[in-house]
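Number of protein chains: 2
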Amino acid sequence: MASFSSYIFLIILFIISVGASEIKSIYLPGTYQSSLLVKKHDEKTKIPFKTHYFPQILDHFTFLPRSSKVFYQKYLINDQYWHKEGGGPIFVYTGNEGNIDWFAVNTGFMVDIAPKFNALLLFIEHRFYGDSMPFGNNSYKSAKTLGYLNSQQALADYAVLIRSLKQNLSSDSSPVVVFGGSYGGMLAAWFRLKYPHIAIGAVASSAPILQFDKITPWSSFYDAVSQDFKDASLNCYKVIKGSWAELDALSTHDDGLIEVSKLFRTCKALHSVYSARDWLWEAFVYTAMVNYPTEANFMMPLPAYPVEEMCKIIDGLPKGASKLSKAFAAASLYYNYTQTEKCFNLEGGTDSHGLHGWDWQACTEMVMPMTCSNESMFPPSSFSYKEFSQDCKKQYGVKPRPHWITTEFGGYRIEQVLKRFGSNMIFSNGMQDPWSRGGVLKNISSSIVALVTQKGAHHVDFRSETKNDPDWLIMQRKQEVAIIEKWLEEYYKDLKQN
Amino acid sequence: MASFSSYIFLIILFIISVGASEIKSIYLPGTYQSSLLVKKHDEKTKIPFKTHYFPQILDHFTFLPRSSKVFYQKYLINDQYWHKEGGGPIFVYTGNEGNIDWFAVNTGFMVDIAPKFNALLLFIEHRFYGDSMPFGNNSYKSAKTLGYLNSQQALADYAVLIRSLKQNLSSDSSPVVVFGGSYGGMLAAWFRLKYPHIAIGAVASSAPILQFDKITPWSSFYDAVSQDFKDASLNCYKVIKGSWAELDALSTHDDGLIEVSKLFRTCKALHSVYSARDWLWEAFVYTAMVNYPTEANFMMPLPAYPVEEMCKIIDGLPKGASKLSKAFAAASLYYNYTQTEKCFNLEGGTDSHGLHGWDWQACTEMVMPMTCSNESMFPPSSFSYKEFSQDCKKQYGVKPRPHWITTEFGGYRIEQVLKRFGSNMIFSNGMQDPWSRGGVLKNISSSIVALVTQKGAHHVDFRSETKNDPDWLIMQRKQEVAIIEKWLEEYYKDLKQN
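Chains A and B, in that order, are what the protein sequence lines are.
Anchor point for the first sequence: position 339 equals 339 in the working numbering, and the numbering is continuous, going up by one each time.
If you count the second sequence from 1, you need to add 1000 to reach the working numbering.
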C-alpha cells in the first residue's frame, strides 16, 4: 500500500476524483455530508430557532483596507426559556465546520437543559460554512478568499457577535457559557481560554485539542478505531484487518474492477478499486465515532452500538465467505441501515461548495498527522509532512503551519500549564470515539475537569436525551449540569459582591 | 479653545504642521523622541546585548498568499548570566513602540536581577518599530502595509519567536517570564493571558490596560497630571491653569506671534501660537510621567522629582510676572535641564519614519479617549469619537475600532473575570504617573497582584537601581523579585512532578 501510505489518514467523504493520488478530502471531526444537510430541514422544524444574520468584520487581526469588509454571519436564537430580567444565562454553541442548523439539531442537550437554567440559546455559524460566506459563491475560489478561514478569526467572530448581541439585548450581566462538540468543542475550549471576559465557562465535548504536533501519538486515532472493533469481537477485527489485502489483490487483477463493483453492489461500474477501500474505511471510522448506545442519526441512521452490530454481521457470515465480502456486509450497515438502498454510489459524490472548508483548514492550521500502526486493523502507514505540504501547496497554493495551533493555543504539558491558569472548563469524552485519544482525559484542576465514559462516543452527551439512554450517559449529563450550576452560582455571587 | 477641543488629547511630539486642525501625533505611553534614539547608542555600550534577527511571518491570522511573507524581527540577547543546563529562566521584554535598544537601556531592572535568577535576557522588538520593518522603508507607506501593525500580531510574533528560540537553544523546559513597561506592559499582561503555555508569568509595569472604552473615566489622565502639580504646590497648579488663557489672549493679538516667540525664546519665529501650547503641554505631561525620585534620563535629562522642581521655579518667580512666563520657565526645565539650549525649536520636529507607528495604532485599535475636566490644570475639553474617526479616516484611510481592545483582551469587570481565571501577574504602578489611573491598582487574586507606590512614576521599578533609590522603590523591586521567585519555585516543582 506504499502508493498512498502518506495519504492514508485522508478519508474521502466526497469522492471528487478516482485516482488515489488525488484524494482531496481530509478526515475531520464531525464533518457533514450533503445528505445530512438535506435532512436537517425536516428536523429543524422540531426546534424553534429564529435565524438571524450579523454584520461581521472580515479580518479582526489586520487593518488593511480590505479587512473591514462586512459579511453576514448566520446565528440561531431560541429565547423561549430565557429569564432575561433575572440575568438568565446565555448558552452559546460555537459552530464548527458545517451548516449551523445541523449542529442545532444534533445538540439537543442544550435545548433539554435550557428550561432548567432559564437560558437563552444561541447557535453561531462558523465563517465559511453554511450560509456564512464572506465572499458569497466565490468564498472557496482560492487562497485569496479562503485565507480568512481559520479558528482564530472564528473565535473573534464569536466574541464580537456575543458582545454586540448582549448589548442589543441590554443583558450585559447575563453570563455566557459556551458549548461545542468536536471541532466546535475545540473552539469552545479555546474560547474560554482566550476570551474569559466573554464566557464564564466552556463545555467541550469530544474536543481533540491535543491531536496536534507530537502531543498525541500519531497512530492513536486508528488504534482506537481498531480497539472498538476488537472489543466487539476479535474475529471481526481480524476479518477487517485481512480484507485490505484481498482488495489489494483484486486491484492487480484484470477483472478486478468488475469484481469489486459486483461485490460492492455499485450503481455504476467503478473507476478505481481505491473507491471501495475508502468506502469501507469511512464506514468503519465513522461507525466507531458514532458508536452510540441508542439508535441515532448523526452521520447516518444507525442502530444502538453499531460497531457491535457490524461485528455481529461479520461473525454471522459463513466461514467460507471472503474477508472482503464480510467487510462489505458490515459496512453496508453504515450506508444502508434503513434498507432503502438498492445499490451504492461509491464514486461521484459532490460537494456543494466545490471545495471543502475543512480541507483548507487541515492544509493550513489544523494539521493533525495520523498513521496506522501494525496493530491497527488498517493497512500500516506513515505520515510524511513533506508530501502533505506539497499536496497542500499544489491544491491551494499554501503551505501548512504545522506548529501554529500549539503555538497559539498550547497543548504541550497542558496539565502543568492549566493547573495554575484558567478555570471552568469541562472536557467530556467517550472512549469509543477515536477522537477521545486527542482529548483531555484527566482532571487538570478543581474547575478544569475531564468527564470520561468508557462506552460513550463522539459528543454523545450533547445529543437529546432519549428514553433508552443508559445510566452512565444520564449520569454524565447530570454532572455537566451540576458543574454549570456551580459556575453560575459563583458568577452571580461575585456579581453581587462587586 | 473650542476649535481644537476634540483634539486636546492629541499631544504633538513631532510637530509636523503648524495648524491646530492638522495635529498629527497622538499621545502615547512611553513614546520616544528622535533625540533619545540617538542617545541610546552611547548607553547601549554599557549593556552587552547581542543583536539578532528572526525570520518572522507577516500575518499570523490569515492564510492569504501574502500572509506568509517573511520579515526580519530584531531581538537582543544577553546570556552571560544564564544557567542553561539548570533550566535557568528566560526573561523576555515584550518590546513596545520604539527601537528595542532604547527599552533595553531603560529596563536595567532585568539586567540587575538576571544574575540572581541565572536568567537569559531577551528583548524583542515590536514589529514596525526600530529595525523590524516588514516592508523596509515602505512600511509606513499606507494602510496596505501598516495594516499589519497591531498588538495581536505583535503578541503572536513574540510567541513564535520565543518558541523557536527555545527549540534552537534546546531549552524547552526553561520557564519564560515576560516583562514590559507602558504599552510593553500591556503586551506583557496580555501575553500571559493569551499565551499562558509560553510565559509562566508577567510583570507589567505602568500598563494602562483599562484606559480603553469607558472603563476608566476619560478625564482621569489629565486630572492625575494636575494632581501631581497641585500636590507639589497649589500656586503652581493655579499658575499653569491660568496660563492658557494668557496664551489664548495673545493668539488674538496682532503681534501675538512675535510676543510668544520672544517669550518662549524660540530659535525661529513661530507660525502658530498653538505650538507654544503644545510645547508646554508636552513638558507638563511628560514630567508628571517621569516624576522619578532620582535624577534620570528617560524622555529628557531631569532632576529628581522634576514636578517639584518645576513648581519651585514657578513659586520662586516674582508675583508680578505673567502666568505664561512662569509656565514657560517651568517647562524649560524639561527641555533644558542641562542648560545647553540657547533657544528652543518649538516647531519643525521630524519623525524618522515620516509617520508614527503609534499614531496608526491609536487610529485603529488603541483608542484611548481623553478629556480635560474643569478641575484639571489644562483647558477643559471633550472627546468626539466622530471627529476622531474622521481624522483617522482622512489620515490613514481607516476607521478606528474603538471597542476591539476590550473585546479581544477584556477590561470591563476585570476583578471578577480574573478573580477566577489566570494567575502569575504583577501590575506595578506609581501614582505620580498619570497612566496609573488606567492600570490595575488592586490585587485581583492571590497571584494576580497590584504593587502600587504613591511616589512612583512611569515604570520607575524597571529602571536600573541607583545608590539614591528611596526605600519604597527598593521595597517594590524586592517584592517583584520575591513574587517571581515564587512563580519559578512552583514551576520547577510542577515540572518535577510531571
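Glycine is no exception: its CB is placed at the ideal position from the N, C-alpha and C atoms.
In this structure, the beta-carbon distance from A/Ala457 to A/Tyr334 does not fall below 8 Å.
Rounded to whole angstroms, A/Phe264 and A/Thr364 show a C-alpha spacing of 35 Å. By alpha-carbon distance to B/Leu1234, the top candidate from B/Ala1159, B/Cys1311 and B/Asn1345 is B/Cys1311. Counting only the Cα atoms, B/Cys1392 lies some 31 Å from B/Leu1250. Collapsing the DSSP output to three states places B/Ser1428 in a strand. Against chain B, the beta carbon of A/Leu169 has no neighbour under 7 Å; the closest one sits roughly 16 Å away. Looking from the CA of A/Met300, the closest CA among A/Tyr274, A/Leu324, A/Gly320 and A/Ser332 belongs to A/Ser332. In the three-state reduction of the DSSP assignment, B/Pro1055 falls in the strand class.
Taking a Cβ-Cβ cut-off of 8 Å, the neighbours of A/Gly147 in chain B comprise Thr1062, Phe1063, Leu1064, Pro1065 and Ser1067, given in sequence order. From the listed residues A/Tyr183, A/Ser139 and A/Gln56, the smallest Cα separation to A/Val367 is found for A/Tyr183. For the pair B/Tyr1093 and B/Phe1103, the CB atoms are nearer than the 8 Å cut-off. At a cut-off of 8 Å between beta carbons, A/Phe421 contacts chain B.
Assignment of beta-bridge partners to B/Lys1230 by DSSP yields no partner. For A/Tyr140, no chain B residue has a Cβ inside 8 Å of its Cβ, as the nearest lies near 13 Å away.
Minimum Cα-Cα distance from B/Ser1171 among the listed residues B/Ile1200, B/Phe1221, B/Asp1157 and B/Lys1084 corresponds to B/Lys1084. Ranked by how close their Cα comes to the Cα of B/Ser1376, the residues B/Ser1446, B/Glu1489 and B/Asp1231 have B/Asp1231 in first place. A/Val178 and A/Thr294 have their C-alpha atoms some 26 Å from each other. Residue state for B/Gln1073 is assigned as strand, using DSSP reduced to three classes. If you draw a straight line from the Cα of A/Val111 to the Cα of A/Leu121, it comes to about 7 Å. Within the stretch 1093-1108 of chain B, no residue has a Cβ lying closer than 9 Å to any Cβ of chain A.
Within the DSSP secondary-structure output, A/Tyr140 pairs in no beta bridge. At least 8 Å separates the beta-carbon of A/Phe54 from that of A/Ile77. Proximity to B/Lys1194 across B/Trp1218, B/Gln1167 and B/Leu1155 peaks at B/Leu1155, based on C-alpha coordinates. The beta-carbon of B/Asn1150 is placed less than 8 Å from the nearest beta-carbon of chain A.
Check the Cα spacing between A/Phe117 and each of A/Phe61, A/Val225, A/Pro134 and A/Asp79: the tightest is with A/Asp79. In chain order, Leu1247, Leu1250, Ser1251, Gly1256, Leu1257 and Val1260 place their CB closer than 7 Å to the CB of B/Val1273, counting only its own chain and leaving out the 5 sequence neighbours on each side. If you look at B/Tyr1305, you'll find it isn't in any beta strand (DSSP E); DSSP assigns it neither H nor E. Counting only runs that start and end inside the stretch 1190-1249 of chain B, the alpha helix (DSSP H) elements of at least 4 residues fall at 1220-1232.
Per DSSP, the unbroken beta strand (DSSP E) holding B/Thr1453 starts and ends at Ile1448 to Thr1453. Among the residues facing chain B, A/His197 is included, as its CB has a counterpart in that chain under 8 Å away. The residues Thr145, in chain order, have a CB closer than 7 Å to that of A/Asn138 in the same chain once the five nearest residues on each side in sequence are set aside. A straight-line Cα-Cα distance of about 7 Å links A/Pro369 and A/Asp213.
At a cut-off of 8 Å, the C-beta of A/Val160 has a neighbouring C-beta in chain B. Contacts between A/Val398 and chain B, judged by CB atoms closer than 8 Å, involve Phe1063, Pro1065 and Ser1068 in chain order. Residue-level contact check: A/Thr364 touches chain B, since one or more beta carbons of chain B fall below 8 Å from its beta carbon. At a cut-off of 8 Å between beta carbons, A/Leu495 contacts chain B.
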